[in-house]
Amino acid sequence: MSVKPESHPRGAGQVDPRRRELANAVRALSMDAVQKANSGHPGAPMGMADIAEVLWNDYLKHNPANPSWPDRDRFVLSNGHGSMLLYSLLHLTGYALPIDELKRFRQMGSMTPGHPEYGYTPGVETTTGPLGQGLANAVGMAIAERALAGQFNKPGHDIVDHYTYVFMGDGCLMEGISHEACSLAGHLGLGKLVCFYDDNGISIDGEVHGWFTDDTPRRFEAYGWHVIPRVDGHDAQAVKAAIEAARKVTDKPSLICCQTIIGFGSPNKEGKEASHGAALGEKEVAATRERLGWKYPPFEIPDALYQGWDAKPRGAQAEQAWKRRFDAYRAAYPELAAEFERRMQGELPKDFLAQADAFIAETNGKGASIASRNASQNTLNAFGPKLPELLGGSADLAGSNLTIWSGCRGVSAENPGGNYVYYGVREFGMSAIMNGIALHKGFVPYGATFLMFSEYARNALRMAALMKQRVLFVYTHDSIGLGEDGPTHQPVEQLATLRMIPNMAVWRPADAVESAVAWKEALRRADGPSSLIFSRQKLTHQSRASATIAAIARGGYVLADADGSPELILIATGSEVGIAMEAYKKLSGMGRRIRLVSMPSTEIFDAQDAAYRASVLPASVRKRVAVEAGVTDFWRKYVGLDGAVIGIDRFGESAPAEALFEHFGFTAEHVVETVLALLK
Numbered sequence: 038m039s040v041k042p043e044s045h046p047r048g049a050g051q052v053d054p055r056r057r058e059l060a061n062a063v064r065a066l067s068m069d070a071v072q073k074a075n076s077g078h079p080g081a082p083m084g085m086a087d088i089a090e091v092l093w094n095d096y097l098k099h100n101p102a103n104p105s106w107p108d109r110d111r112f113v114l115s116n117g118h119g120s121m122l123l124y125s126l127l128h129l130t131g132y133a134l135p136i137d138e139l140k141r142f143r144q145m146g147s148m149t150p151g152h153p154e155y156g157y158t159p160g161v162e163t164t165t166g167p168l169g170q171g172l173a174n175a176v177g178m179a180i181a182e183r184a185l186a187g188q189f190n191k192p193g194h195d196i197v198d199h200y201t202y203v204f205m206g207d208g209c210l211m212e213g214i215s216h217e218a219c220s221l222a223g224h225l226g227l228g229k230l231v232c233f234y235d236d237n238g239i240s241i242d243g244e245v246h247g248w249f250t251d252d253t254p255r256r257f258e259a260y261g262w263h264v265i266p267r268v269d270g271h272d273a274q275a276v277k278a279a280i281e282a283a284r285k286v287t288d289k290p291s292l293i294c295c296q297t298i299i300g301f302g303s304p305n306k307e308g309k310e311a312s313h314g315a316a317l318g319e320k321e322v323a324a325t326r327e328r329l330g331w332k333y334p335p336f337e338i339p340d341a342l343y344q345g346w347d348a349k350p351r352g353a354q355a356e357q358a359w360k361r362r363f364d365a366y367r368a369a370y371p372e373l374a375a376e377f378e379r380r381m382q383g384e385l386p387k388d389f390l391a392q393a394d395a396f397i398a399e400t401n402g403k404g405a406s407i408a409s410r411n412a413s414q415n416t417l418n419a420f421g422p423k424l425p426e427l428l429g430g431s432a433d434l435a436g437s438n439l440t441i442w443s444g445c446r447g448v449s450a451e452n453p454g455g456n457y458v459y460y461g462v463r464e465f466g467m468s469a470i471m472n473g474i475a476l477h478k479g480f481v482p483y484g485a486t487f488l489m490f491s492e493y494a495r496n497a498l499r500m501a502a503l504m505k506q507r508v509l510f511v512y513t514h515d516s517i518g519l520g521e522d523g524p525t526h527q528p529v530e531q532l533a534t535l536r537m538i539p540n541m542a543v544w545r546p547a548d549a550v551e552s553a554v555a556w557k558e559a560l561r562r563a564d565g566p567s568s569l570i571f572s573r574q575k576l577t578h579q580s581r582a583s584a585t586i587a588a589i590a591r592g593g594y595v596l597a598d599a600d601g602s603p604e605l606i607l608i609a610t611g612s613e614v615g616i617a618m619e620a621y622k623k624l625s626g627m628g629r630r631i632r633l634v635s636m637p638s639t640e641i642f643d644a645q646d647a648a649y650r651a652s653v654l655p656a657s658v659r660k661r662v663a664v665e666a667g668v669t670d671f672w673r674k675y676v677g678l679d680g681a682v683i684g685i686d687r688f689g690e691s692a693p694a695e696a697l698f699e700h701f702g703f704t705a706e707h708v709v710e711t712v713l714a715l716l717k
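Numbering (this note's numbering), first residue to last: 38 to 717.
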């Protein structure tokens, strides 16, 4: 439970001078870096330093010389605004993070950005800052650890055996995503997930008892967690005892409620919001030094304290012990060992792309006209047996999203080695959990909901793109074509806004062939997420030659061309490609020279070389019409001022899909009328 600062135990237990001095090194570096930058959050690092000292020095299994060895413990700072806590820990324990980078905190090009960013700083496991998402990422990491252990560990050979530790604050627990993720974590019994709640009673606006009076321990007990309440976060022995108790409970995640004082050591700002999000000030920093008995100038750490923090010898020993276990595993199970290494490196099976191409050619030969969500499921049935790293799921819509394929086995507390997570109605939590699964490595996660509800998950999608993670977001019921459920469920602006996320590849396939290509390309992509957009209604198969099939992967291609130089280019995606093809045939019968371009992924098309883009959309053909059942403004960059866009800039209606398409002008006849008007 969040309590007023004055009721916190202020280091009531015995203080170990040596441990306190080690923790004070974190406090000093944190307040000095924030002061030098004149920007940042010193309060949380100063308040959580004692907890971090115990965890990192006594329990955390990691090797600063190799931040990516597979069986390390994962540490997530969910309250990422306290980034100097993490940077101080990484520097002190021996990661390749020199003191000069701490001096460059929050500066352009530094390894110490304002919030921890994956890929910038060795030892940072995930990008955090949007509160609650680090916690959800950690749930994903714990799921991955559990599932990977279930799939690879053998009697006497535990090659996957590590913990996920999380620091989080009041803000993380106020965010709704904390409920989604922690509810699922409790249900799955993730016993190697240990979370430290920094219950300091303070957020930006002041004392949280004015707006956050949840009984947090009972809340987590209701989730099925093991809860240790009211731990003095400034008493190393109390923290150590809590960690010991948490590690003994193997069938539940653990929450350790640590009551701390924000800005601990600051004579005038500890326990107050003034220490949360601003530099303490030169005078207060000096006063804090005196209060803590810290005799050293800014950014100076005595050698004895560096030695006390140095985790390299212990880390090297732990990694070597794991390597010996893995060598024994390799001798006993050579094929599994090779498979484990492949998956942890993120490589697809060597023959997968050739097998995928064969399935795509077979799909083209069948010529079936089916909903692209059905085509997606068919693709999963073909690709799934070849990709044991797939870890699927759906936000309680598996029967509609069609994300379950024949080889799916549910992940549960009883069956940890499954390959499908029943996420429940938790779109945001699902998406952030998938980010954590991808970050852990060993799996390629995919999860699904209706396209409309990508809105609930928006920030997790952005984080996947920011971290360049291979996460596959599957969205069905992609337009007014879903019909009778009406405008609350009919996406209009979602395609455009997904395409606006930097580094997000969005695929909206026109038929079964494009659907299979979309899956293949999303799986191939190792440097970012993909959104796969599928229809509820049937889509007409489009005939293609093999060269045309190969061009699908370029995001946009000529599906049908004019007899001679085109006088107008039709561009369409998804279900509207079939409509555009009907119009193309009618117009060609009238003697009009029309080129039809299918553009399943505008981002991939835009990334092609200029010559290819010009070959598909030559600048000489200024008259263009784009057709997509979504907002129109996005398409102006392709059709220009001389072109037209057939789209929808209002919310839909509740009616059968056929009636809606006719009502909103998504018919071949309307496309023909628009083209002829433009060609006058």
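In this text, a Cβ means the ideal position worked out from N, Cα and C, and glycines have one as well.
| request: Could you give the DSSP three-state label for ALA663: helix, strand or coil? | output: Reduced to three states, the DSSP call for ALA663 is strand.
| said: Alpha carbons only, please: which of ARG55, GLY689 and SER105 is nearest the one belonging to ASN94? | reply: Closest by alpha carbon: ARG55.
| query | Cβ atoms of THR577 and GLY615: under 8 Å apart, would you say? | reply | In contact: GLY615 and THR577 (Cβ atoms closer than 8 Å).
| Is it the case that the Cβ atoms of ILE338 and VAL91 are separated by a distance below 8 Å? | Taking 8 Å as the Cβ cut-off, ILE338 and VAL91 do not qualify as a contacting pair.
| Own chain, CB closer than 7 Å to LYS478, minus 5 neighbours either side, in chain order | When the five nearest sequence neighbours on each side are left out, the beta carbons in the same chain lying within less than 7 Å of the beta carbon of LYS478 are those of MET381 and GLY383, in order along the chain.
| DSSP three-state call for ASP235: helix, strand or coil? | DSSP places ASP235 within a strand segment (E or B) once states are collapsed to three.
| Just checking, does the region 330 to 346 make contact with the region 129 to 139 on the three C-beta pairs under 8 Å criterion? | Yes: at least three Cβ pairs fall under 8 Å.
| query | Roughly how many whole angstroms lie between the Cα atoms of TRP331 and HIS194? | reply | Across the structure, TRP331 and HIS194 are spaced so that their CA atoms are roughly 47 Å apart.
| said: In this structure, how does DSSP classify TRP106 when only helix, strand and coil are distinguished? | reply: Note: TRP106 maps to coil in three-state DSSP.
| request: Using a threshold of 8 Å, state whether the C-beta atoms of GLN506 and ALA547 are closer than that. | output: At a Cβ-Cβ threshold of 8 Å, GLN506 and ALA547 do not count as neighbours.
| query | What residue from VAL658, ASP686 and GLY684 has the CA that sits closest to GLY677's CA? | reply | Here the closest residue by C-alpha is VAL658.
| request: Output yes or no for whether 8 Å exceeds the beta carbon distance between GLY447 and GLY454. | output: No; because the gap between Cβ atoms is not below 8 Å, this pair is not in contact.
| Would DSSP call LEU716 helix, strand or coil? | Residue state, collapsed to three classes: helix.
| task | Please check the pair ASP242 and MET205, which I expect to be a contact at CB under 8 Å, by giving their CB distance rounded to whole angstroms. | result | Not confirmed; about 18 Å, so no contact.
| field | Range covered by the alpha helix (DSSP H) that runs through TRP331 | value | Run containing TRP331: none; DSSP gives neither H nor E here.
| said: If we require 4 or more residues per run, which alpha helix (DSSP H) segments fall completely within the region 601 to 659? | reply: Those alpha helix (DSSP H) runs which fall completely within the region 601 to 659 and span 4+ residues are 612 to 626, 639 to 643 and 647 to 653.
| task | For ALA20, I'd like the list of residues in its chain whose CB is within less than 6 Å of its CB, leaving aside the five on either flank, ordered along the chain. | result | Residue 20 is absent from the model: the chain starts at 38 and stops at 717.
| task | Jot down the residue ranges of each uninterrupted beta strand (DSSP E) in the region 182 to 228, minimum 3 residues, whole runs only, in chain order. | result | Correct list: 201 to 206.
| SER568, DSSP secondary structure in three states | Under the three-state reduction of DSSP, SER568 is assigned to strand.
| Limits of the unbroken beta strand (DSSP E) element including SER691 | Per DSSP, SER691 lies in no beta strand (DSSP E) segment and is marked neither H nor E.
| Cα-Cα separation, SER44 to PRO386 | For SER44, the pLDDT reaches just 43, beneath the cut-off of 50, and the residue's location in the model is therefore unreliable, although a value from the coordinates is still provided. In this structure, the CA atom of SER44 is about 57 Å from the CA atom of PRO386.
| request: State the beta-bridge partners of LYS575 as determined by DSSP. | output: ALA408, per the DSSP bridge assignment.
| query | Skipping 5 residues on each side, what residues in its chain have a beta carbon closer than 6 Å to that of THR325? | reply | Around THR325, the same chain offers GLY302 and SER303 as residues with beta carbons nearer than 6 Å, after the five sequence neighbours per side are excluded.
| query | What is the residue span of the beta strand (DSSP E) that PHE510 lies within? | reply | Per DSSP, the unbroken beta strand (DSSP E) holding PHE510 starts and ends at 509 to 513.
| What do you reckon, are the CB atoms on GLY421 and LEU428 nearer than 8 Å? | At the C-beta level, GLY421 and LEU428 stay beyond 8 Å of one another.
| said: Assuming contact is defined by CB atoms lying nearer than 8 Å, are THR201 and GLU217 in contact in what I supplied? | reply: No.
| request: Specify the secondary structure class of ARG361 as computed by DSSP and reduced to three states. | output: When secondary structure is reduced to three states using DSSP, ARG361 falls in the helix class.
| How should GLN354 be labelled, buried or exposed, when 16 other C-beta atoms within 10 angstroms of its C-beta is the threshold for buried? | Around the beta carbon of GLN354, fewer than 16 other beta carbons lie within 10 angstroms, which makes this residue exposed.
| message | Quick test of your reading: ALA542 and ILE641, contact by CB under 8 Å. State the CB separation rounded to the nearest angstrom. | response | Confirmed, Cβ separation roughly 6 Å.
| Close Cβ partners of ILE265 (< 8 Å) along its chain, the five nearest in sequence each way excluded | Here the set comprises ALA279, ALA282, ALA283, SER291, LEU292, ILE293 and CYS294.
| field | Coil, strand or helix - GLN51 by DSSP | value | Coil at GLN51, not helix or strand.
| query | Does the distance from the CB of VAL268 to the CB of VAL276 come in under 8 Å? | reply | In this structure, VAL268 lies near VAL276, with their beta-carbon atoms less than 8 Å apart.
| message | Can you tell me whether GLU699 is helix, strand or coil according to DSSP? | response | When secondary structure is reduced to three states using DSSP, GLU699 falls in the helix class.
| Pick from GLY520, ARG111 and ALA405 that is closest to VAL176, judged by C-alpha positions | For the residues GLY520, ARG111 and ALA405, the minimum Cα distance to VAL176 belongs to ARG111.
| field | Rounded straight-line distance, which links the Cα of ASP252 to that of MET38 | value | Residue confidence for MET38 is low, a pLDDT of 42 falling below 50, so the modelled location carries little weight and cannot support an answer.
| message | Suppose contacts are defined by Cβ-Cβ distances below 8 Å. Is ALA60 in contact with ALA81 by that definition? | response | Cβ distance not < 8 Å, so ALA60 and ALA81 don't count as in contact.
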